[in-house]
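Count along the sequence shown starting at 1, add 10, and that's the number in the numbering used here.
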Amino acid sequence: MTAYRDQYASLFNEGRNVVLIGVSNDSQSELGSWLKDADFPFLFASDASNNGGTYAAFGGGLRSNNMVDSRAVIVVGPDGRIAETIESFNQNDPMAYEHLAEVIDRVTPEPEGN
């Protein structure tokens with residue numbers, strides 16, 4: 011997710027009022043220690059004690075073991091509605107960021123005249 015943070019202004023147009031929520035099975039303390047100094051422009055949620063229920067509440071389907079096996083990303087549009095649920099987000103894959111940029115562009119088109 012550091013690539014998203016580092017490219018936030020240019021690639022994602024500073025989010026254009028989109029909220030991202032990264033959901034993983036990492037515990038709150040694990041997420042907290044990792045995020046403490048990272049300064050991410052989005053939210054993270056732990057599903058560790060909720061058996062996948064947090065992700066399911068955002069419209070994600072549970073896997074066969076009832077857990078989110080990898081990081082998932084929930085994209086909330088400017089209207090407050092879930093615009094996209096990305097079940098498996100590989101933070102090391104540049105294509106994942108291209109897909110995420112496409113989702114953001116789709117839900118928040120650039121104003122005409124720009």
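Every residue, glycine too, gets a C-beta built ideally from N, C-alpha and C.
| Item | Value |
| --- | --- |
| Per DSSP, what kind of secondary structure is residue 28 in: helix, strand or coil? | coil |
| Buried or exposed: residue 12, going by 16 or more other Cβ atoms within 10 Å of its Cβ? | exposed |
| Using 8 Å as the threshold, is the C-beta distance between residue 85 and residue 65 below it? | no |
| Excluding the 5 residues flanking residue 92 on each side, which residues of the same chain have their C-beta closer than 8 Å to its C-beta? | 68, 69, 84, 85 and 86 |
| Once DSSP output is grouped into helix, strand and coil, what is the label at residue 48? | coil |
| Roughly how many whole angstroms lie between the Cα atoms of residue 57 and residue 100? | 17 Å |
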